[in-house]
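Chemist: Pasting in a structure now, in structure tokens, and then I'll have a few things to ask.
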Amino acid sequence: MTMSPRLRKFVLTTHITTSVGWLGAVAPYLALDITATVGQDLQTVRAAYLAMGVMVTYVIVPLALASVLVGIVNALGTPWGLFRHYWVLVKLLLTVFAATILLIETSTVRSLAQAAASEADPRELPGTLLHSIGGSVVLLLVLILSVYKPRGLTRYGWRRQQEQRRQQRGAPVR
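Residues in the sequence shown are numbered from 94 upward in steps of one, following the numbering used here.
Okay, here's the thing in structure tokens:
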């Protein structure tokens with residue numbers, strides 16, 4: 094199914110907005126995570142954990158889920174397709190992987206925020222720094238794939254291309 098140009102632009106704009114928003118939200122989250130992990134001031138570390146909980150729940154997770162869903166709609170509605178080009182497929186797999194790890198890690202972040210809100214010393218809590226850095230790297234890889242679009246068709250993409258060529262020449266399709 095190919096979208097109309099107007100709809101395609103809307104979906105593409107929405108996909109770019111949610112994807113860049115996700116990446117953009119991870120940057121301040123990373124700063125908060127560094128503060129929570131290495132900070133010495135009790136109130137600053139407590140505030141960092143509380144802000145991390147809010148950011149994950151109300152900003153990062155919604156943007157990640159929207160990015161995955163709108164990205165799939167975008168791929169299915171354009172000539173790129175979802176399974177025709179390796180770069181689209183790898184981008185999808187990396188994005189789904191990042192979103193899955195994020196959803197798993199969300200309960201940990203919420204637990205850390207709740208623990209920091211209590212009377213306990215939040216400086217003794219473990220951070221989520223490894224996940225923050227890893228997530229940032231994966232999202233940057235997805236961004237690079239989106240910009241450079243390396244060549245290469247999947248087997249499915251190659252077969253579809255051959256079928257389209259046969260149809261254009263009027264040859265029967267098997």
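Even for Gly, the Cβ is constructed at its ideal location relative to N, Cα and C.
Taking buried to mean at least 16 other C-beta atoms within 10 Å of its own C-beta, is residue 131 buried or exposed?
Modeler: Residue mapping note: residue 131 aligns to position 38 of the sequence shown, counting from 1. Result: exposed.
Chemist: Just checking my contact of residue 152 with residue 191 at CB under 8 Å: how many whole Å lie between their CB atoms?
Modeler: Counting from one through the sequence shown, the residue named residue 152 turns up at place 59. Counting from one through the sequence shown, the residue named residue 191 turns up at place 98. Residue 152 to residue 191, Cβ: 15 Å. No contact.
Chemist: To test your reading of the DSSP string, which unbroken alpha helix (DSSP H) runs of 4 or more residues are found completely within the stretch 109–190?
Modeler: DSSP runs (the alpha helix (DSSP H)) wholly in the stretch 109–190: 135–148, 154–169.
Chemist: Note down, in chain order, each residue of its chain lying with its Cβ closer than 6 Å to the Cβ of residue 242, except the 5 sequence neighbours on either side.
Modeler: The residue you call residue 242 lines up with position 149 of the sequence shown. Only 180 meet the Cβ criterion.
Chemist: From residue 193 to residue 127, what does the alpha carbon distance come to, in whole angstroms?
Modeler: Reading the sequence shown from its first residue, position 100 is the one you call residue 193. Reading the sequence shown from its first residue, position 34 is the one you call residue 127. Rounded to whole angstroms, residue 193 to residue 127 spans 22 Å at the Cα level.
Chemist: For residue 166, which residues from the same chain have a beta carbon less than 7 Å from its beta carbon, with the 5 sequence-adjacent residues on both sides left out?
Modeler: Here the question's residue 166 lines up with position 73 in the sequence shown. Hits under 7 Å: 104.
Chemist: With a threshold of 8 Å between beta-carbons, can residue 167 be considered close to chain D, or not?
Modeler: Among the chains in the structure shown there is no chain D, since it carries only a single protein chain.
Chemist: Hey, how far is the Cα of residue 268 from the Cα of residue 207?
Modeler: It is not possible to answer for residue 268, since the shown part of the chain is limited to 94 through 267.
Chemist: Going by beta carbon distance, what residues of the same chain come within less than 7 Å of residue 210, once the five residues before and after it are set aside?
Modeler: Stepping through the sequence shown from its first residue, residue 210 is reached at position 117. The residues are 143.
Chemist: Among residues of its own chain, excluding the 5 on either side of residue 187, which ones have a beta-carbon nearer than 8 Å to its beta-carbon?
Modeler: Reading the sequence shown from its first residue, position 94 is the one you call residue 187. Around residue 187: 231, 234, 235, 238.
Chemist: Quick one: residues in its chain with C-beta nearer than 6 Å to the C-beta of residue 108, no 5 flanking neighbours on either side, listed in chain order?
Modeler: Residue mapping note: residue 108 aligns to position 15 of the sequence shown, counting from 1. Cβ neighbours of residue 108 beyond the five flanking positions: 163, 164, 167.
Chemist: In angstroms with no decimal places, state the Cα-to-Cα distance between residue 213 and residue 224.
Modeler: To locate residue 213, count along the sequence shown from 1; it is residue 120. To locate residue 224, count along the sequence shown from 1; it is residue 131. For residue 213 and residue 224, the distance between alpha carbons rounds to 24 Å.
Chemist: Quick check: what's the CA-CA separation for residue 122 versus residue 154?
Modeler: The residue you call residue 122 lines up with position 29 of the sequence shown. The residue you call residue 154 lines up with position 61 of the sequence shown. Distance between the alpha carbons of residue 122 and residue 154 is about 12 Å.
Chemist: Apart from the five residues just before and just after residue 218, which ones in its own chain have a Cβ nearer than 7 Å to its Cβ?
Modeler: As a working mapping, residue 218 is identified with position 125 in the sequence shown. These residues qualify, in order along the chain: 142, 205, 208, 209.
Chemist: Can you tell me which of 158, 262, 253, 156 puts its alpha carbon nearest to the alpha carbon of residue 172?
Modeler: Taking the first residue of the sequence shown as position 1, residue 172 is located at position 79. Among 158, 262, 253, 156, the Cα nearest to that of residue 172 is on 253.
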